[in-house]
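Each residue of the sequence shown is one higher than the last, beginning at 110 in our numbering.
Just so you know, even glycine gets a beta-carbon here, dropped at the ideal spot from N, CA and C.
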Amino acid sequence: EETGTGESGSKGEAQQAEKEEISSCTVEIQSCRLAQDWQGKPVVIVKYSFTNNKEEPQSFMLAFDDAVFQNGIGLNSSYMLDDSANYSADNQTKQIQKGATLEVEVAYELNDTTTDINVELSALFSFNNNKITKTFSIV
Numbered sequence: 110e111e112t113g114t115g116e117s118g119s120k121g122e123a124q125q126a127e128k129e130e131i132s133s134c135t136v137e138i139q140s141c142r143l144a145q146d147w148q149g150k151p152v153v154i155v156k157y158s159f160t161n162n163k164e165e166p167q168s169f170m171l172a173f174d175d176a177v178f179q180n181g182i183g184l185n186s187s188y189m190l191d192d193s194a195n196y197s198a199d200n201q202t203k204q205i206q207k208g209a210t211l212e213v214e215v216a217y218e219l220n221d222t223t224t225d226i227n228v229e230l231s232a233l234f235s236f237n238n239n240k241i242t243k244t245f246s247i248v
């Protein structure tokens with residue numbers, strides 16, 4: 110079941126910010142930007158924001174299942190980016206306490222640099238199919 114959808118009106122920016130409750134967190138798919146990996150291949154960096162509403166500390170990596178698709182095909186995560194990307198994956202594994210909010214960036218290898226991307230975010234461990242989705246134009 111889709112709980113939130115946003116369409117982008119301009120490159121990497123969503124028309125409206127959609128916040129949803131998933132995995133006892135308030136989460137938002139904020140934006141995206143293009144960069145290059147260490148081999149010069151194109152990647153997209155998606156920026157998420159999440160607030161922990163649980164009593165126990167949580168990290169983005171252990172709370173959410175993030176997926177990005179291009180032409181219906183899943184994109185692989187990218188970890189080693191060119192220095193010019195100004196990218197840090199550190200926040201993916203940082204735990205945050207109840208009430209804290211953290212912005213997280215995740216990089217994905219693009220299949221091409223012209224086709225829209227579809228971002229999906231759901232709970233990593235869940236008995237329901239709640240997810241939020243957002244489409245971004247990358248051109």
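For residue i and residue j, what's the separation of their Cα atoms in angstroms?
i      : j      : result
VAL177 : LEU184 : 6 angstroms
LYS150 : ASP225 : 17 angstroms
ASP205 : SER235 : Correcting the residue identity first, residue 205 is Ile in this sequence and not Asp. So the two alpha carbons sit approximately 20 angstroms from each other.
ILE241 : SER140 : 14 angstroms
GLY121 : LYS207 : Residue confidence for GLY121 is low, a pLDDT of 48 falling below 50, so the modelled location carries little weight; the figure read from the coordinates is stated next. The alpha-carbon atoms of GLY121 and LYS207 are separated by roughly 30 angstroms.
Any idea if residue i is buried or exposed, counting beta-carbon neighbours within 10 angstroms, 16 or more meaning buried?
i      : result
ILE182 : exposed
LYS163 : exposed
Going by DSSP, what residue range makes up the beta strand (DSSP E) through residue i?
i      : result
PHE245 : 240-245
VAL248 : Counting along the chain, VAL248 falls outside any beta strand (DSSP E), and DSSP gives it neither H nor E.
Output the boundary residues of the alpha helix (DSSP H) element that contains residue i.
i      : result
ALA198 : Element bounds for ALA198: n/a, residue is neither H nor E.
ALA172 : 169-172
Which same chain residues, not among the five before or five after residue i, have their C-beta less than 6 angstroms away from its C-beta?
i      : result
THR202 : SER168 and MET170
Look up residue i in the DSSP assignment and say whether it is helix, strand or coil.
i      : result
SER234 : Looking at the sequence provided, one finds Phe at residue 234 rather than Ser. Reduced to three states, the DSSP call for PHE234 is coil.
ASP175 : strand
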